[in-house]
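S.K.: Residues 26 to 371 (the working numbering) are what the sequence shown spells out, left to right. C-beta: ideal position from N, C-alpha, C; glycine also. Note that this is a predicted model, so its numbers are computed, not measured. If you scroll down you'll find the structure; I have some questions about it.
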Amino acid sequence: MKITVLGGGLSPERDVSLKSASLVANALLSKGHEVALVDLYDGIDSNAPCETFFRRGTVNPFSYVIPETEPDLDEIIKQHGGRKSWVGPRVIEMCKYADRVFLGLHGSHGENGQVQALLDAFDVKYTGCGYMGCAIAMDKDISKALVRGAGYLTADWIVDSPANLSFDRVNKEIGLPCVVKPIGNGSSCGVSIVKSQEEYENAINYAASYHQAVLIEKFIRAREITISIVNHKALPITEIIPHQGFYDYKNKYQDGMTTHVCPAQFDAEDYKKGQELAIKIFDLLRMDQYGRIDMMYDDANHEFWFIEANNLPGMTNASLLPEAAKAAGISYEDLCESLVLECGRD
């Protein structure tokens with residue numbers, strides 16, 4: 026089978042995506058497929074036939090190293106002559122040529138439904154959620170509103186433009202500590218935990234740099250967990266324990282910065298309750314095929330608090346979904362291939 030793996034793009038999670046896409050491409054090569062790795066933004070600057078960009082075998086694997094800091098998207102645009110169009114040359118052609126497209130994208134256009142809608146327009150079969158599930162899950166305000174409306178717990182929050190979010194307002198309506206984040210990012214890009222007015226000013230400026238509305242929510246003191254879902258089955262629950270600070274960009278993608286406990290350790294009744302809740306939220310947000318639901322677990326009250334949903338979760342060697350799959354007895358290579366074989370969109 027010919028498979029185009031899409032990665033990169035114009036997203037703060039560009040580097041994470043290129044790492045995920047490289048590892049996915051290698052896994053599919055090991056399964057005997059013909060694979061082309063295409064950067065959504067860079068595209069292909071060549072007139073050679075599509076066939077020439079598909080690799081076979083594992084002799085020459087793809088590779089990518091994630092830097093400690095997020096990419097400078099303005100500099101990347103500058104390097105491409107100022108082109109702001111997020112679909113690079115021949116990207117659609119390479120997707121149409123393949124039998125399937127594996128979406129190794131994270132954040133921005135890859136997770137907000139735009140890429141999915143574009144591929145639907147060309148009748149391209151791709152992995153992961155459809156455009157509606159992506160659009161709902163990526164918007165942290167909408168997803169929290171739906172979850173609360175369904176009667177599930179999520180922290181109190183407000184959303185507004187950065188200019189309208191003064192410290193006095195936030196302190197009055199939400200209180201400290203609080204979490205400040207852009208409304209539509211992943212990988213903890215733009216996220217801060219705030220405990221003072223000085224920290225708030227830095228946090229709001231950081232979140233505002235992503236040119237989105239900002240969501241500010243009450244900080245929940247509990248254990249951070251995540252529940253991966255593949256083909257409507259909840260995988261083993263993972264607890265996330267950063268060695269310092271919180272689960273930010275650096276702690277997520279640099280080796281040795283965070284401990285993942287999978288399966289997480291708590292009583293069987295709550296374990297089952299958490300998995301069932303994750304599937305309910307997954308369905309509520311119109312997600313399908315695979316994804317991840319992030320929550321906080323309060324031991325004292327046996328309660329689960331929804332944080333956010335991930336419709337294209339990371340597939341790096343430090344990522345949570347592949348770890349949960351491994352704990353369930355599913356190898357990385359089998360996971361990647363199964364997602365491709367089962368996507369089969371009409």
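Excluding the five sequence neighbours on either side, which residues of its own chain have a C-beta within less than 6 Å of the C-beta of asparagine 51, listed in chain order?
M.R.: Taking the first residue of the sequence shown as 1, we reach residue 51 at position 26. Counting only Cβ-Cβ distances below 6 Å, and skipping sequence neighbours, we find Pro86 and Phe87.
S.K.: Distance check for alanine 259 and serine 55, CA to CA, integer angstroms please.
M.R.: Indexing the sequence shown from 1 puts residue 55 at position 30. Indexing the sequence shown from 1 puts residue 259 at position 234. The straight-line gap from Cα to Cα measures roughly 26 Å.
S.K.: Which of helix, strand or coil does DSSP assign to arginine 173?
M.R.: As a working note, residue 173 is residue 148 in the sequence shown. Correct three-state label for arginine 173: helix.
S.K.: Three or more beta-carbon pairs under 8 Å between the segment 280-297 and the segment 214-233, yes or no?
M.R.: Verdict: no, contact absent.
S.K.: Exposed or buried, what is glycine 68 when buried is set at 16 or more other beta-carbons lying within 10 Å of its beta-carbon?
M.R.: Indexing the sequence shown from 1 puts residue 68 at position 43. Buried.
S.K.: Quickly, what does DSSP pair glutamate 249 with across the bridge? List them, please.
M.R.: By one-based count along the sequence shown, residue 249 stands at place 224. Met321.
S.K.: Pick from Asp193, Met320 and Lys44: whose alpha carbon is nearest that of arginine 248?
M.R.: Start at 1 with the first residue of the sequence shown, and residue 248 comes out as number 223. The residue with the shortest Cα to Cα distance from arginine 248 is Met320.
S.K.: Give the secondary structure of asparagine 189 by DSSP, where H, G and I count as helix, E and B as strand, and everything else as coil.
M.R.: Taking the first residue of the sequence shown as position 1, residue 189 is located at position 164. Helix at asparagine 189.
S.K.: Quick check on this structure: which residue in Thr152, Ser356 and Ile167 has the alpha carbon closest to the alpha carbon of glycine 366?
M.R.: Numbered from 1 along the sequence shown, position 341 holds the residue referred to as residue 366. Note that residue 366 is leucine in the sequence shown here, rather than glycine. For the residues Thr152, Ser356 and Ile167, the minimum Cα distance to leucine 366 belongs to Thr152.
S.K.: Taking all protein chains shown into account, do 16 or more other C-beta atoms lie within 10 angstroms of the C-beta of histidine 15, making it buried, or fewer, making it exposed?
M.R.: Since the first residue shown for the chain is 26 and the last is 371, residue 15 is missing from the structure and cannot be characterised.
S.K.: So, with DSSP's three-state summary, where would you put phenylalanine 329?
M.R.: Reading the sequence shown from its first residue, position 304 is the one you call residue 329. Three-state result, phenylalanine 329: strand.
S.K.: Quick one: does the C-beta of phenylalanine 244 sit closer than 8 Å to a heavy atom of the ligand SAH?
M.R.: This structure lacks the ligand SAH, and indeed carries no ligand of any kind.
S.K.: Based on the DSSP secondary-structure assignment, which residues constitute the bridge partners of proline 207?
M.R.: By 1-based counting over the sequence shown, the position of residue 207 is 182. In the DSSP output, where bridge partners are listed per residue, proline 207 has Val239.
S.K.: Looking at the structure shown, is isoleucine 265 part of a helix, part of a strand, or coil, going by DSSP?
M.R.: The residue you call residue 265 lines up with position 240 of the sequence shown. Strand.
S.K.: Could you give the DSSP three-state label for glutamate 95: helix, strand or coil?
M.R.: As a working mapping, residue 95 is identified with position 70 in the sequence shown. If DSSP states are grouped into helix, strand and coil, glutamate 95 belongs with coil.
S.K.: For a test of the three-state rule: what should DSSP assign to threonine 29, helix, strand or coil?
M.R.: Working through the sequence shown from its first residue, we reach residue 29 at position 4. Note: threonine 29 maps to strand in three-state DSSP.
S.K.: Just to confirm the assignment, what range does the alpha helix (DSSP H) spanning histidine 134 have?
M.R.: Taking the first residue of the sequence shown as position 1, residue 134 is located at position 109. Its alpha helix (DSSP H) spans residues 133-136.
S.K.: Is it buried or exposed, threonine 77, if we count other Cβ atoms within 10 angstroms and call 16 or more buried?
M.R.: On the sequence shown, position 52 is the one that residue 77 refers to. With fewer than 16 Cβ atoms within 10 Å of its Cβ, threonine 77 is classed as exposed.
S.K.: Under a three-way DSSP split, which group does isoleucine 161 fall into?
M.R.: As a position in the sequence shown, residue 161 is number 136, starting the count at 1. Here isoleucine 161 sits in helix by DSSP.
S.K.: Quick check: lysine 243 and aspartate 181, are their CB atoms within less than 9 Å of each other?
M.R.: Numbered from 1 along the sequence shown, position 218 holds the residue referred to as residue 243. Numbered from 1 along the sequence shown, position 156 holds the residue referred to as residue 181. Yes.
S.K.: If we ignore side chains and look at the alpha-carbon of each, how far apart do threonine 251 and isoleucine 266 end up?
M.R.: One-based indexing of the sequence shown puts residue 251 at position 226. One-based indexing of the sequence shown puts residue 266 at position 241. Spanning the two alpha carbons is a distance of roughly 11 Å.
S.K.: Using the beta-carbon count (16 or more within 10 Å), is aspartate 313 buried or exposed?
M.R.: By one-based count along the sequence shown, residue 313 stands at place 288. The residue in question, aspartate 313, is buried, as its Cβ has 16 or more Cβ neighbours within 10 Å.
S.K.: Taking the alpha carbon of serine 168 as the point to measure from, which residue in Leu309, Ser356 and Lys121 has its own alpha carbon closest?
M.R.: The residue labelled residue 168 in the question sits at position 143 within the sequence shown. Minimum Cα distance to serine 168 is reached at Leu309.
S.K.: Mind checking who asparagine 335 pairs with in its DSSP beta bridge?
M.R.: Here residue 335 is taken as the residue at index 310 of the sequence shown, counted from 1. Arg317.
S.K.: Counting only the same chain and skipping the five closest in sequence on each side, list residues whose C-beta sits under 7 Å from that of valine 149.
M.R.: Along the sequence shown, one-based indexing puts residue 149 at 124. These residues qualify, in order along the chain: Cys120, Lys121 and Val126.
S.K.: Using DSSP's beta-bridge definition, name the partner residues of threonine 284.
M.R.: As a position in the sequence shown, residue 284 is number 259, starting the count at 1. The partner list for threonine 284 (beta bridge, DSSP) reads Ile266.
S.K.: Determine the extent of the alpha helix (DSSP H) in which aspartate 145 is found, giving its start and end residues.
M.R.: Counted from its first residue, the sequence shown places residue 145 at position 120. Here the alpha helix (DSSP H) through aspartate 145 covers 139-146.
S.K.: Is it right to say histidine 327 is buried, meaning 16 or more other beta carbons lie within 10 angstroms of its own, or is it exposed?
M.R.: In the sequence shown, residue 327 corresponds to position 302, counting from 1. By the neighbour-count rule (16 or more Cβ atoms within 10 Å), histidine 327 is not buried but exposed.
S.K.: What residue from Lys305, Gln141 and Trp111 has the CA that sits closest to glycine 174's CA?
M.R.: Your numbering for residue 174 matches position 149 in the sequence shown. Ranking Lys305, Gln141 and Trp111 by Cα distance to glycine 174 puts Lys305 first.
S.K.: Have a look at proline 92 and serine 42 and give me their C-alpha separation to the nearest angstrom.
M.R.: Position 67 of the sequence shown, counting from 1, holds the residue named residue 92. Position 17 of the sequence shown, counting from 1, holds the residue named residue 42. Looking at the two C-alpha atoms, the distance is approximately 12 Å.
S.K.: For the segment 337-351 against the segment 101-115, do three or more pairs of beta-carbon atoms, one drawn from each stretch, fall closer than 8 Å, so that the two count as touching?
M.R.: They do not touch, by the three-pair rule.
S.K.: Rounding to the nearest angstrom, what Cα-Cα distance links glutamate 95 and proline 207 in this structure?
M.R.: The residue labelled residue 95 in the question sits at position 70 within the sequence shown. The residue labelled residue 207 in the question sits at position 182 within the sequence shown. Cα to Cα, the separation comes out at about 15 Å.
S.K.: If I measure Cβ to Cβ from phenylalanine 344 and keep anything under 8 Å in the same chain, skipping five residues before and after, which residues do I get?
M.R.: Taking the sequence shown and counting its residues from 1, the one referred to as residue 344 is at position 319. According to the sequence provided, residue 344 is serine. The question's phenylalanine does not apply to it. Only Ser45 and Pro338 meet the Cβ criterion.
S.K.: Give me the Cα-Cα distance between isoleucine 229 and leucine 201, rounded to the nearest whole angstrom.
M.R.: Locating residue 229 in the sequence shown gives position 204, counting from the first residue. Locating residue 201 in the sequence shown gives position 176, counting from the first residue. If I take the Cα positions, the gap works out to 14 Å.
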